[in-house]
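Please read the structure below before turning to the comments.
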Amino acid sequence: MDDRETPLLDELEEGDWPSFVAELKRAAEKSAMSADLLRQIERSYADNTGHWKRGGIVGVRGYGGGVVGRYSAMPEEFPGVKEFHTLRVNEPAGFYYTTEKLRELCDVWDKYGSGLLNLHGSTGDIILLGTTTENLQPCFDALGEIGFDLGGSGSAMRTLSCCVGQSRCEHACIDTMDVTHDLTMNFQMEIHRPAFPYKFKIKVSGCPNDCAAASARSDLAIIGVWRDAIEIDQQGVAEYVDEGFDLFNRVIRRCPTWALDWDAEEKRLKLTSEDCVHCMHCINEMPKALRVGQERGAAVLIGGKAPVVKGAMIGWVLVPFMRLEPPYQELKDLIVQVTEFWAEHGKNRERLAELIDRLGMPAFLEGIGVEPCPQMVDAPRSNPYLFWREEEVKHA
Amino acid sequence: MDDRETPLLDELEEGDWPSFVAELKRAAEKSAMSADLLRQIERSYADNTGHWKRGGIVGVRGYGGGVVGRYSAMPEEFPGVKEFHTLRVNEPAGFYYTTEKLRELCDVWDKYGSGLLNLHGSTGDIILLGTTTENLQPCFDALGEIGFDLGGSGSAMRTLSCCVGQSRCEHACIDTMDVTHDLTMNFQMEIHRPAFPYKFKIKVSGCPNDCAAASARSDLAIIGVWRDAIEIDQQGVAEYVDEGFDLFNRVIRRCPTWALDWDAEEKRLKLTSEDCVHCMHCINEMPKALRVGQERGAAVLIGGKAPVVKGAMIGWVLVPFMRLEPPYQELKDLIVQVTEFWAEHGKNRERLAELIDRLGMPAFLEGIGVEPCPQMVDAPRSNPYLFWREEEVKHA
Amino acid sequence: MPKTDFGPPDYREMIPPIVRENYGKWRYHRIPRPGVLEHVSETGDVLSSVRVASPRLVSTDFVREICEIADKYCGGHLRFTTRHNIEFLVSDREKLQPLLDELEGRGYLIGGVGRAISNVVHTQGWIHCKSAVTDASGLVKSIMDELHDYYTGKKPVPAKLRIAVACCVNMCGACHCSDIAVVGIHRRVPRVNDDVVSKSCEIPSTIASCPTGAIRPNPKLKSITIAPEKCMYCGNCAAVCPAIDVMDPDTDGVSIWVGGKLSNARTTPKFSRLAIPYLPNHPPRWPEVTEAVKNLVEVWRQRAKPGERMGEWIERIGWERFFQITGIPFTEKHIDDFTHATTTFRSSMQFRI
Amino acid sequence: MPKTDFGPPDYREMIPPIVRENYGKWRYHRIPRPGVLEHVSETGDVLSSVRVASPRLVSTDFVREICEIADKYCGGHLRFTTRHNIEFLVSDREKLQPLLDELEGRGYLIGGVGRAISNVVHTQGWIHCKSAVTDASGLVKSIMDELHDYYTGKKPVPAKLRIAVACCVNMCGACHCSDIAVVGIHRRVPRVNDDVVSKSCEIPSTIASCPTGAIRPNPKLKSITIAPEKCMYCGNCAAVCPAIDVMDPDTDGVSIWVGGKLSNARTTPKFSRLAIPYLPNHPPRWPEVTEAVKNLVEVWRQRAKPGERMGEWIERIGWERFFQITGIPFTEKHIDDFTHATTTFRSSMQFRI
Ligand code: SRM
Ligand code: SRM
Ligand code: SRM
Ligand code: SRM
Ligand code: SF4
Ligand code: SF4
Ligand code: SF4
Ligand code: SF4
Ligand code: SF4
Ligand code: SF4
Ligand code: SF4
Ligand code: SF4
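Protein chains in written order, with this note's numbering: chain A, 1 to 396; chain B, 1001 to 1396; chain C, 2001 to 2353; chain D, 3001 to 3353.
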């Protein structure tokens, strides 16, 4: 391909950060689709606007989602991207791959698609970026051969994702990868056949550091936590201090509840465990000396989402603590309860958080049979506008 | 009066706390109205409900408010309280009295009313509790003779009130009593002739301790503050410390912004003044050593109110700092701007805060001609739903 | 024409000479004993203020009595505080002890200063308000008969504690920002007298008065209809339209709210939050309410750090533990479901389990 | 019937042996050099993870290249992070330095670990999304070309800093909780093609799609009308109804948001807040945006305390000073006027003057 065709994009080949334009060009060398994509993007850079059409539902047999249909708005000029659909391919939990698997994936994608992909999409899928309607089914079949299934799209449960968890992290209170894989297998129907009012996302983080960014972008976030005391290796703490670690300013003062204190004489870190709110900070700062407790499980937060329509939400505590052991039945039951309530009461395109906002948390809790608890709120209500049930109000 | 008539209320004569029942009885000895009041209240205690009727506008000549009409719902049984209106009498700023003035007031009230009063009502008025329609005008005339005017009621500017301020408090950044008196005199028309969409309250506190509870219950709160550094008498601080005052735990650690530090060697309290948010805590704890700064003025907060309709509000910062010197022109102009905007756009029974909530703060600020500033918010907006004016958006 | 708009007495004529002379010159204060403030001026003058409890609802005889005392010890001047206490202002040091003695002799309670429970800010109740669900004065008397030792300083408390009582959710006062607020509530949907509505109510403003949009027009009857599932019994419609009756002695009651504050000291002002949704309305002594308030005060008093107000203490230990320690059940009623409810939901992993 | 619902590859078959053997046994970690994590297991095993920047949008050749490297040094295993970085997992200590050398030789950027700016989470942009106001990939490249020294650790930063870029307010990602978020916005009321509406749009759901209730039915045309004064150009109606066009190359632009976070460490998760309402959309290098982001990073970097994230720093110094220091003008656009606006207004005297 002639460089002069893309003077604007060429500028983005300069600089030290890895260049997506270089990648587009690499793909363009092998694929006419990608070559036309490059040209269309150059046009977008010139016109200051995208050139994709809206609408158009495409898919593969037996599935209701997993493919995002896309058509160029300028098919005459850029025939290679006349049809340019993406396949959302469910990633293995934790984003681990053998090189063998990845190579197989590349081979399939070079054969049936643009040769361009995202590792990964924001939800967690492998995004195979651009193929024709015709190629969708054979591509999917070939993916199946090598063990890759589609993820979610549309009004479905979406592809789950998680942090690295116990596979490589000392803080993990739950086996994030196993929970993710198990739920994914359990909810294949819900993932592949959109039947909800809108999208429903689940993400799993192993501890309150939330490395999966679950609480911001999951309708249901599962976040590991412990409920006994932090394990303190006093020897280890003393070593930090002896090495000049500024314990007071780096840890004690920054504990959100002042749960820690340093006994300089006894060289002991004192923890008032009932004050600890599991923020992780002290453990993060002194991983060699402090560890999460032994009574481990997870909290379930609901309602995290992006701004549209009612505003962005960060997940709300629904269950403060739940033990998580395979087969994760309690968790699965809860997810079913929640999604069924939502499926029944939610309006079209109404996210879970928006439904709860509309009906009120008390009504939602009653609907799914979860008992209220103070962990659900930062503080009780301040307005005197409370409801009473007929049966609560005894009348003479 | 026979004790056995009020067995329930009699129980409230027991105990150490001063008894309102004792007061009712004292008044009942002199006044038939009060005697019937006592009986009606006893009935309320027996029936578990009030016995006042709703409705009924009464007043005095030339005024639209200042009287709250009240009629017994059981006039046959308690004829003395058939009509039992209260006069709201504007208190002198700071609630100071000469005994002479108070005695004159008592004389008038014994003559024309029940002999019962509140010192004071929640808004700040002297509440003369209970007289007949007939007696209203003569009572008002007699009050006028001794220099007491009515306060506000209904959809009017309400009686102002304030903390003790410079008259007896070392923290006062403004002359609360003078501001209150001056505004009261300036807004007589607005106080006495209801012409607003709803009530409008103004209260004045001399510093952020807010001893007038202004920010919770004033549509417009004026609260004294300074903007240079706190004055520190290092000698004084050292004395506190030498006397065993736990400076770290009582002050340094509790400063909301950690603006203070103690230099143990130099025995100096170090203040990072740009971090001070004028919370008053350190000054409150060490009044002998610390003082508010010299550049003094007031902030204006708007929208404080009780729960009904849209929920309770604590006043919002409108002007972070304004110098306040007689004749307080800038403040008066602001009050006029605010009330005029509200009078124009507010619906019936819509408090200022509710109007602003409905129209949006940006629209309100534009309407009253006040520039936005970051002190107005805890944080900028988090939703991407912002408006642009035609003229801001240049279009090719 | 009658004389109008002459305004209140000028404060300059009400203040005692020591205040006039030291106006704006006060340097610092101390609390020599419970109930007494000693303000020192840069002129060297010292003003002692003796704070005394008042029932707020008083007779002219009561006023004459305190005037008499003020004449004797305070040169004929006195003031009231923003919480309805009386303050005797003593400029002559010699007169302080005799004043205290006389006040004590007469049975006045001296206190409310510094780290103490001060007077209760309250409302009219059955004494004068048509909207009163309960009697404010009676509740105050019942509560303070139990708590006066915290007023007089006989028993110390960790910090200022402000109690407020309101006889309905209009909350005439600053209830909504009190350490402890006692508020009368209804629990039954108001009854509508359709005939009266059609005659004497403005229907649009009645509809607009409902915070939760529970009221719809009923064109057939020229009246309105209240959707029971949307009504939370605030009574605002009844305030606007006399044909609506929300009172019900059988089901009305009292709710308790905690943790509000107004000062900006340390923490920003806070709203009071629901602790107990309902207690029965039991005059003349309201034993359930009195007990509940006492429990709250005791729990706080025994656990809070010095200088820590109710709400600050609760926020430090967490609402989870507050409910646990007080033994108050946490119910769905504690979870907000009004306009800004979602902003009160816990959006973090920071909680106690 | 085709094979369906077989799910993703089982992670157990993807993880390297060292991970399998030490699963759940990791004891602690350290950061021996920028871009490298060393996890120590209770078995004594040590796993070194080398983190490398990826453009996320890659070609199969790129993937083959990293596979080749992983074969050489990592026994044929690798992973990606939740922020789209590549992680090479080295169990054989001998291979660490050679791997680092090869990566550097090939021009890969090693970094993003610990107190660093990590990869930018971003969205499709003009590459694939019909809703894109701007190009996410181009913005990321332009921004990170300026900031890569903070990725590689050549220049230190006080704490983790997470940048996100979204091409429209749908914010596919966690933009709304990022230290710095760059978001494409419209500023013009959408144009409605009435003919198409009447044919191909579901009017009730179009009306319901509008967050601010700006859309009303237009029965005459069997279409809808947008009230311009209520529309804030979110484009959600255009997502629901293809007859509505919100794109406008002339007035569309980019906004910048700051101070969000998601971890619960120290402070609870925070939303990003509006810093700069509009900057022009200037491909291919977006100089205004790049400059603004750099300014924000620099200002924070130079002033924050160690370990203090952007939002924590801003909250410590106060938004007043943030605007002053950054030189960003504070305008009425920064003041919320959406549903919960009043909860963001300052209800206290605690501010800097
Ligand atoms: C591909 C992806 C962006 C990316 O480059 O990574 C993406 C792309 C689109 N998102 Fe998204 N979203 C993607 C993750 C997200 C996330 C993040 C997440 O899932 O963790 C969010 C925020 C979290 C959330 O769901 O709230 C997100 C919030 C949205 C929204 C706003 C939803 C809301 O309730 O606020 C929309 C609007 C809509 O649904 O109409 C949307 C809609 C879209 C559509 C389908 C718009 C459209 O109708 O054309 C985009 C298709 C682009 C395309 O042509 O490929 N996308 N979208 C992400 C999916 C990849 C994957 O499967 O791994
Ligand atoms: C007398 C007083 C209570 C007291 O015992 O001290 C009082 C008594 C009444 N208030 Fe009040 N309010 C009194 C101070 C307050 C305060 C406190 C204040 O002003 O500092 C508030 C809270 C602050 C505020 O205004 O928001 C207050 C909030 C209300 C409300 C709720 C307004 C709202 O917007 O939420 C109402 C309802 C109404 O206006 O219909 C109300 C209505 C009433 C009415 C007029 C109810 C009625 O229509 O019958 C009460 C008349 C009782 C009577 O028969 O005397 N009163 N009212 C206070 C006035 C005394 C004075 O003038 O000094
Ligand atoms: C007399 C009075 C002003 C008046 O014009 O009447 C007053 C007077 C003083 N206040 Fe106050 N405050 C008065 C009502 C208030 C109120 C309003 C209220 O309670 O309704 C508040 C806000 C209450 C709240 O936050 O909810 C108030 C919050 C304070 C504070 C902050 C306390 C805190 O730590 O939160 C201080 C500072 C302190 O006590 O250290 C203070 C300090 C003071 C000082 C020490 C100021 C001084 O140097 O003179 C005065 C004596 C305090 C004392 O009584 O312990 N004053 N003070 C009011 C007495 C009411 C009463 O009879 O009890
Ligand atoms: C690899 C990864 C998980 C994964 O499954 O991929 C991961 C891995 C680790 N995270 Fe994380 N975090 C990862 C995304 C996140 C995210 C999500 C995100 O950025 O989108 C967050 C939340 C971000 C936020 O708060 O906005 C996150 C917040 C943390 C924190 C809290 C930092 C803080 O003080 O706020 C820690 C603790 C620390 O760094 O001290 C942490 C700590 C760690 C540790 C040290 C845990 C451990 O002991 O292994 C890991 C190495 C940290 C590092 O890179 O400095 N991780 N971490 C993710 C790497 C992303 C990347 O390529 O940069
Ligand atoms: S969320 Fe916790 S368990 Fe998961 S990778 Fe991050 S620090 Fe480790
Ligand atoms: S985890 Fe957080 S809350 Fe708990 S002790 Fe450590 S720093 Fe404090
Ligand atoms: S508000 Fe301030 S100035 Fe007024 S009395 Fe209280 S402490 Fe003194
Ligand atoms: S007034 Fe408050 S904010 Fe200012 S230094 Fe003192 S304690 Fe800190
Ligand atoms: S709180 Fe309610 S009942 Fe009590 S005085 Fe105020 S309006 Fe009347
Ligand atoms: S009582 Fe309150 S909630 Fe019920 S209908 Fe009347 S105004 Fe509405
Ligand atoms: S942020 Fe908007 S434009 Fe970008 S991918 Fe998501 S939906 Fe499309
Ligand atoms: S662009 Fe957004 S705000 Fe404007 S009409 Fe459409 S949905 Fe409503």
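Heads up, the beta-carbon is just placed ideally off N, CA and C, and yes, glycines get one too.
Using a Cβ cut-off of 7 Å, pull out every chain C residue sitting near residue i, in sequence order please.
i: P3269(D); result: S2347 and S2348
Determine, using beta carbons only, whether residue i comes closer than 8 Å to chain D.
i: D182(A); result: no
i: L2078(C); result: no
i: T2212(C); result: no
i: E2102(C); result: no
So, are the CB atoms of residue i and residue j less than 8 Å apart?
i: R3321(D); j: W3313(D); result: no
i: G1382(B); j: S3118(D); result: Correcting the residue identity first, residue 1382(B) is Ser in this sequence and not Gly. Going by C-beta atoms, S1382(B) is not nearer than 8 Å to S3118(D).
i: V2293(C); j: I2256(C); result: yes
i: A3243(D); j: N3170(D); result: no
i: I223(A); j: D210(A); result: yes
Got a sec: is the Cβ-Cβ distance from residue i to anything in chain B below 8 Å?
i: A216(A); result: no
i: L2047(C); result: yes
i: I2015(C); result: yes
Shorter than 8 Å from the beta carbon of residue i to some beta carbon of chain A?
i: S1403(B); result: This structure cannot settle anything about residue 1403(B), because the visible part of chain B is limited to 1001 through 1396.
i: G1015(B); result: no
i: F1975(C); result: Any question about residue 1975(C) goes unanswered here, given that chain C covers just 2001 to 2353.
i: N3218(D); result: no
Going along chain C, which residues have a C-beta under 9 Å from residue i?
i: T1133(B); result: The premise fails here: T1133(B) is roughly 16 Å from chain C at the closest Cβ pair, so nothing lies under 9 Å.
Can you pull the chain D residues whose beta carbon is under 7 Å from the beta carbon of residue i, in chain order?
i: M1322(B); result: Per Cβ cutoff of 7 Å: no residues; M1322(B) is ~10 Å from chain D at best.
List, in order along the chain, the chain D residues whose C-beta lies closer than 9 Å to that of residue i?
i: Q1294(B); result: What Q1294(B) touches in chain D: nothing, since even the nearest Cβ is about 14 Å away.
i: I314(A); result: H3176, C3177, L3262, T3268, P3269, K3270 and F3271
Residues of chain B with CB under 8 Å from residue i, in chain order?
i: C3234(D); result: P1384 and Y1385
i: F3323(D); result: P1374
Applying a beta-carbon distance threshold of less than 7 Å, which residues of chain A neighbour residue i?
i: H3084(D); result: L119 and H120
Determine whether the Cβ of residue i lies closer than 8 Å to any Cβ atom of chain C.
i: L365(A); result: yes
When you check each C-beta in the region 53-72 of chain A against every C-beta of chain D, which residues fall closer than 7 Å? K53, R54, G55, R61, G62, Y63 and R70
Using a Cβ-Cβ cut-off of less than 7 Å, give me the residues of the region 241-252 of chain A that come near chain D, in sequence order. R250
Counting only Cβ-Cβ distances shorter than 9 Å, please list the residues of the region 2019-2045 of chain C near chain A, keeping chain order. none
I'd like the ranges of any alpha helix (DSSP H) spanning at least 4 consecutive residues and lying wholly in the region 359-389 of chain A. 361-368
Can you give me, in chain order, the residues of the region 2172-2203 of chain C that have a beta carbon less than 7 Å from any beta carbon in chain B? C2172, G2173, A2174, H2176 and C2177
Runs of alpha helix (DSSP H) wholly within the region 3134-3215 of chain D (minimum 4 residues, chain order): 3136-3152, 3194-3200 and 3203-3208
Residues in the region 1203-1235 of chain B having any Cβ partner in chain D nearer than 8 Å: P1208, D1210, S1215, I1223, V1225 and R1227
Check each residue of the region 2335-2346 of chain C: if its Cβ is closer than 7 Å to any Cβ of chain D, include it; give the result in chain order. H2340 and T2343
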